[in-house]
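Sequences listed follow chains A and B, in order.
Using full-length UniProt numbering, the first residue of the first sequence is number 1, and each one after it goes up by one.
Using full-length UniProt numbering, the first residue of the second sequence is number 1, and each one after it goes up by one.
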Amino acid sequence: MSSNTSSVTNASIKRRGEKHYVMLYTRYERFWHWSQALLIFTLFYTGLGLHGLHDWLDFSTAVVVHSYAALALILLWIFTTFWNFTTGQWRQYLFKEGVMKVIRFYAYGILVGEPHPYKKGLQRKQNALQSLAYMSFMLLIGPTLWASGIIYLLYDLWSGYSWSGLGLTLIAFAHTAAAYLMGTFVIIHVYMTTTGKTPTHYIKTMITGYDNIELTEAEVAYIEETHAVSMKD
Amino acid sequence: MHKQAKLVINPRILACLTAFLLGISNQTLADTKHTAATEHDDIDMNFRVITDTKPSIRDDGESTADHSKFEVLEGPFEHGPEVTRACLSCHTEAGRHFMKSVHWTWEYVNPETGQILGKKHLINTFCTNARGNEGMCAQCHAGYGWKDQHYDFSNQDNIDCLVCHDRTGTYYKTPNSMGNKACSVMFEGKQPIQWAKVAQSVGKPGRENCGSCHFYGGGGDGVKHGDLDSSLKSPNRQLDVHMDAGGLNFACTTCHVTKQHLWAGSHYNVMAHDTEGLGLPGERRDVATCESCHGDTPHKKTELVGIKLNGHVDKIACQTCHIPTIARGGVATMVDWDWRTAGRTKDGEGFKEKNYTQGNGDHRATYKSIKGNFEYDENLIPHYGWFDGQMRYTTIDTRFDPSTGPVEINGFKGSQDDGTSRIWPFKRMHTVQPYDKGNNTMVYMHLWGDDDDAYWGNYDFARAIRVGMANNNIPYSGKYDFVETYSYWPITHMVAPGEDALGCAECHSRDGRLDDLKGFYIPGRDSFRWLDILGYFAMGGALVGVLFHGLLRKLIGKKNRQRSAS
Numbered sequence: 001m002s003s004n005t006s007s008v009t010n011a012s013i014k015r016r017g018e019k020h021y022v023m024l025y026t027r028y029e030r031f032w033h034w035s036q037a038l039l040i041f042t043l044f045y046t047g048l049g050l051h052g053l054h055d056w057l058d059f060s061t062a063v064v065v066h067s068y069a070a071l072a073l074i075l076l077w078i079f080t081t082f083w084n085f086t087t088g089q090w091r092q093y094l095f096k097e098g099v100m101k102v103i104r105f106y107a108y109g110i111l112v113g114e115p116h117p118y119k120k121g122l123q124r125k126q127n128a129l130q131s132l133a134y135m136s137f138m139l140l141i142g143p144t145l146w147a148s149g150i151i152y153l154l155y156d157l158w159s160g161y162s163w164s165g166l167g168l169t170l171i172a173f174a175h176t177a178a179a180y181l182m183g184t185f186v187i188i189h190v191y192m193t194t195t196g197k198t199p200t201h202y203i204k205t206m207i208t209g210y211d212n213i214e215l216t217e218a219e220v221a222y223i224e225e226t227h228a229v230s231m232k233d
Numbered sequence: 001m002h003k004q005a006k007l008v009i010n011p012r013i014l015a016c017l018t019a020f021l022l023g024i025s026n027q028t029l030a031d032t033k034h035t036a037a038t039e040h041d042d043i044d045m046n047f048r049v050i051t052d053t054k055p056s057i058r059d060d061g062e063s064t065a066d067h068s069k070f071e072v073l074e075g076p077f078e079h080g081p082e083v084t085r086a087c088l089s090c091h092t093e094a095g096r097h098f099m100k101s102v103h104w105t106w107e108y109v110n111p112e113t114g115q116i117l118g119k120k121h122l123i124n125t126f127c128t129n130a131r132g133n134e135g136m137c138a139q140c141h142a143g144y145g146w147k148d149q150h151y152d153f154s155n156q157d158n159i160d161c162l163v164c165h166d167r168t169g170t171y172y173k174t175p176n177s178m179g180n181k182a183c184s185v186m187f188e189g190k191q192p193i194q195w196a197k198v199a200q201s202v203g204k205p206g207r208e209n210c211g212s213c214h215f216y217g218g219g220g221d222g223v224k225h226g227d228l229d230s231s232l233k234s235p236n237r238q239l240d241v242h243m244d245a246g247g248l249n250f251a252c253t254t255c256h257v258t259k260q261h262l263w264a265g266s267h268y269n270v271m272a273h274d275t276e277g278l279g280l281p282g283e284r285r286d287v288a289t290c291e292s293c294h295g296d297t298p299h300k301k302t303e304l305v306g307i308k309l310n311g312h313v314d315k316i317a318c319q320t321c322h323i324p325t326i327a328r329g330g331v332a333t334m335v336d337w338d339w340r341t342a343g344r345t346k347d348g349e350g351f352k353e354k355n356y357t358q359g360n361g362d363h364r365a366t367y368k369s370i371k372g373n374f375e376y377d378e379n380l381i382p383h384y385g386w387f388d389g390q391m392r393y394t395t396i397d398t399r400f401d402p403s404t405g406p407v408e409i410n411g412f413k414g415s416q417d418d419g420t421s422r423i424w425p426f427k428r429m430h431t432v433q434p435y436d437k438g439n440n441t442m443v444y445m446h447l448w449g450d451d452d453d454a455y456w457g458n459y460d461f462a463r464a465i466r467v468g469m470a471n472n473n474i475p476y477s478g479k480y481d482f483v484e485t486y487s488y489w490p491i492t493h494m495v496a497p498g499e500d501a502l503g504c505a506e507c508h509s510r511d512g513r514l515d516d517l518k519g520f521y522i523p524g525r526d527s528f529r530w531l532d533i534l535g536y537f538a539m540g541g542a543l544v545g546v547l548f549h550g551l552l553r554k555l556i557g558k559k560n561r562q563r564s565a566s
């Protein structure tokens, strides 16, 4: 109780609604994000080559790089799924109200200088549109890619069946379709990183992990007390 | 130099003897000899001009028997059958065994289709039929004296042991009957066979023994197969990694294992996919497949590339990647033969044109009056197709529709979804040859003989076909025309070293080697057109969209800032 009292009287504490530099993206999240980004770029580049769209990489090398990168990504996703559930961070991806407001903001508000309708918070890292996009990334695009990829890698186990020819065609179709969706996602995602306060703000955030967000008094108090989240001011 | 000299110093006595035997004038023979001496390397009507007569070395150690120590082989022998009798006096069962071989019977009944095949019956796309022309064609019968239908296939003395087992390199065969004047050039002076010496020097066959026929199929060096020609007598590693004379130095029978004089590796009934792989050491005597030595997962299982390649063996024959091109030993293979132009003469005489010079410098005939026009190719990318091991023959009694494109004289069966076929390489031969226009069947032609009916003498298709059909009691409408044909020869020799095997992109690319094979998906070759278009639209649309959005942000944001500033 005494500590609580002292924290309230602490002069360094800002009032409710004030912004603080806090560690929003933990070390593992950032590692996940950037290694995933690297792997996806590698996979996309080699994948386009394997699909016959460029031959800037020898086919055999492309196969090897693509396969190992895919295995690494699958491993990363297994760890991340584990991390998401043990830390409870999976809730970040749940559907949130206000998707239309966010869409309206990016379509119009951002151009005329309206504030973002969504306030980033300690437990609300993503806006409603982001959650929806990442959710479909993790539940639709990702699984389609790795499931079809794994089935393709295990071709030898089912190549003997009479339907293997058709099977390979369907697998290739699903894999290619999901890859195009992934490409589309990445293009929009990269662009969206430029829509912060400054064009590089979000990228810096994803590198350092710190963002300037509004905290409630209770959150501040909790952080002061427990040091559960790193805060710079 | 040595070989050339040998030809030039042929004793004159021998020439006279030959001339006497052939009943042709000294003058003609002298001319012939002159030609042979000056163009000794020319692959000519004498289709087996073998200049390098040294035997190849078989490295499988010393035999338990030194045949020069056998009294029965001391001779003297007057002719081949006497030698055979001597052989069989010790190898008492060899004759019985051998008589079951296609090398003797020239006949094969396909157990699955029931078709009666074998050279004794078949139509081919080269000289069209051995049947009725045995006097010439049966030079490659492993027997003595087959010149017509009265040949005694039950007489073991007629077996020719020496053509396969001579290890001196001096044994040779000549036509069993005489041809017309158009063919007289064939009988070039040769050293008489020293029967006793040859008989005492027998051993397991070297490459040149099998090659004395199989290198020259179709009427000349490399003509038929494309992966079998005289360059394989002493190939280097690049030409054939197994037969490499300076390396593994395989004999033919290293792979074509035998059991009682029956050889594995029939092309009438091919094992196109060996799923059994390695037998126990020394166990398998039934197959000549790659898998019987290399197993069915021959690539490195510890590397991703090896694992991926092992994933190909269910659909891709080893030969498809490991024989990148055929006819790459300096000897060309024939790819096109047009019989329609045969029969042209100059001053009433047949003639030849030699407008193709092959890799080893020899000139090949591009026109012969007795045969028509030819085209050759070297370093040739094979034809690829799904193959389940079944060849489908157009035999003399097969009726076909000539309007439906080239007739496949020995087509092959297989498809991508039958679960057994693999993609195999073939040498494909295109020919335009005579057929029976009334009955829509192929024809037997009477080509060889010293009679007036033989085409190689009278240049008269109508007569040669009429007689060829009549001699074999085949119904003939009396009208002939020419039809396009294809023949296919599964490729399995000239296996390149591993480092020269095809790279992935040879097939996994647009316009790759397998472009003609449709109906299944090859990554890198195939794509889904509409999916690709949608994909480009999605990604391109996203890119254009965000760029436009960014531009708007910049422009409108600037205006806002200016407004707020003012």
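Even for Gly, the Cβ is constructed at its ideal location relative to N, Cα and C.
CA-to-CA distance, A196(B) to N155(B), given in whole angstroms: One alpha carbon belongs to N155(B), the other to A196(B), and they sit about 22 Å apart.
On a CA-only basis, which of H508(B), P324(B), E112(B), K69(B) is nearest residue 577(B)? Give me that one, please. With chain B covering only 1 through 566, there is no way to say anything about residue 577(B).
Please report whether the beta-carbon of I556(B) lies at a distance below 8 Å from any beta-carbon of chain A. Flagged as an interface residue toward chain A: I556(B), by a C-beta distance shorter than 8 Å.
Determine the burial state of S63(B): buried for a count of at least 16 other Cβ atoms within 10 Å of its Cβ, exposed for fewer. The residue in question, S63(B), is exposed, as its Cβ has fewer than 16 Cβ neighbours within 10 Å.
Taking all protein chains shown into account, decide if R510(B) is buried (16 or more other Cβ within 10 angstroms of its Cβ) or exposed. Exposed, because fewer than 16 other Cβ atoms sit within 10 Å of the Cβ of R510(B).
What are the residues in the segment 131-155 of chain A lying within 8 Å of chain B by C-beta distance? Going along the segment 131-155 of chain A in chain order, one finds Y155 with a Cβ nearer than 8 Å to chain B.
Could you please give me the residues that DSSP links to D202(B) through a beta bridge? The identity of residue 202(B) in the sequence shown is Val, whereas the question assumes Asp. Bridge partners of V202(B): D166(B).
Buried or exposed (CB count within 10 angstroms, at least 16 for buried), K232(A): Counting Cβ neighbours within 10 Å, K232(A) comes out exposed, since fewer than 16 surround it.
Since L50(A) meets chain B, which of its residues come closer than 9 Å, beta carbon to beta carbon? The contacting residues are H508, P523, G524.
Closer than 8 Å by beta-carbon distance: list the chain A residues that pair up with Q416(B), in chain order. Neighbours of Q416(B) on chain A, chain order: G165.
Interface residues of chain B around S159(A) at Cβ under 8 Å? Residues of chain B passing the Cβ test: G311, D314, K315.
Taking Cβ-Cβ distances below 7 Å as the criterion, which residues of the segment 95-127 of chain A are in contact with chain B? Residues of the segment 95-127 of chain A with a C-beta atom less than 7 Å from some C-beta of chain B are I110, L111, V112, G113, listed in chain order.
Could you check if F185(A) is buried or exposed, using at least 16 other CB atoms within 10 Å of its CB as the buried criterion? Burial call: buried.
In chain order, what residues of the segment 199-213 of chain A put their CB closer than 7 Å to some CB of chain B? If the cut-off is 7 Å between Cβ atoms, the segment 199-213 of chain A has nothing near chain B.
With 16 as the cutoff for other CB atoms within 10 Å, does E291(B) come out buried or exposed? The residue in question, E291(B), is buried, as its Cβ has 16 or more Cβ neighbours within 10 Å.
Select from the segment 66-81 of chain A all residues with a C-beta closer than 9 Å to any C-beta belonging to chain B, and list them in chain order. Within the segment 66-81 of chain A, the residues whose Cβ lies closer than 9 Å to some Cβ of chain B are S67, Y68, listed in chain order.
Are three or more beta carbon pairs between the segment 158-166 of chain A and the segment 310-321 of chain B nearer than 8 Å? Taking 8 Å as the limit for Cβ pairs, the verdict is that the segment 310-321 of chain B does touch the segment 158-166 of chain A.
Bridge partners - D526(B), DSSP secondary structure assignment: Residue pairing for D526(B): DSSP places it in a beta bridge opposite P523(B).
Beta-bridge partners of F426(B), as assigned by DSSP: Paired residue(s): P490(B).
Throw me the rounded Cβ distance for the L145(A) and A179(A) pair, which I believe falls under 8 Å. Your pair L145(A) and A179(A) checks out as a contact, with CB atoms roughly 7 Å apart and the cut at 8 Å.
Just the C-alpha distance for W386(B) and T320(B), rounded to the nearest angstrom, thanks. In a straight line, the C-alpha of W386(B) is about 11 Å away from that of T320(B).
Where the alpha helix (DSSP H) through T64(B) begins and ends: Careful: T64(B) lies outside any alpha helix (DSSP H) and carries neither H nor E.
Identify the contact partners of N560(B) in chain A, using a Cβ-Cβ distance below 8 Å as the criterion. Listed along chain A, the residues sitting closer than 8 Å to N560(B) by beta-carbon distance are V112, G113.
Which chain B residues sit within Cβ distance under 9 Å of A177(A)? The answer, in chain order, is F528, L531, L534, G535.
Just to confirm my understanding: we take N84(A), look at its own chain, exclude 5 residues before and 5 after, and list those with CB closer than 7 Å. What are they? Excluding sequence neighbours, N84(A) sits near W90.
Less than 8 Å separating the beta-carbons of G217(B) and T333(B)? No.
Local Cβ density within 10 Å of T226(A), reported as buried at 16 or more and exposed below that: Counting Cβ neighbours within 10 Å, T226(A) comes out exposed, since fewer than 16 surround it.
Could you give the DSSP three-state label for E214(A): helix, strand or coil? Judged by DSSP in its simplified three-state form, E214(A) adopts strand.
Beta-carbon neighbours of F387(B), restricted to chain A and to distances below 7 Å: None at all; the shortest Cβ gap to chain A is about 16 Å.
Looking at L248(B) and H493(B), is the spacing between their C-beta atoms short of 8 Å? Not a contact, by the Cβ cut-off of 8 Å.
Quick one: what's G411(B) bridged to in DSSP? Beta-bridge analysis with DSSP links G411(B) to R392(B).
Which runs of the beta strand (DSSP E) at least 3 residues long sit entirely within the segment 74-106 of chain B? Give them in chain order. Listed in chain order, there is nothing to give.
Sorted by chain position, which residues of the same chain lie with C-beta nearer than 6 Å to I223(A)'s C-beta, five sequence neighbours on each side aside? Within the same chain, V229, M231 come within 6 Å of I223(A) by CB-CB distance, once the 5 residues on both sides are set aside.
Counting only Cβ pairs nearer than 8 Å, list the residues of chain A close to F520(B). In chain order: G165, L168, T169.
How far does the alpha helix (DSSP H) with Y191(A) in it extend, from its first residue to its last? Note, Y191(A): alpha helix (DSSP H), 164-192.
Chain A contact residues for N503(B), given Cβ-Cβ distances below 9 Å: Here residue 503(B) is Gly; the residue named in the question, Asn, does not match the sequence. Those are D58, F59, S60, listed as they occur along chain A.
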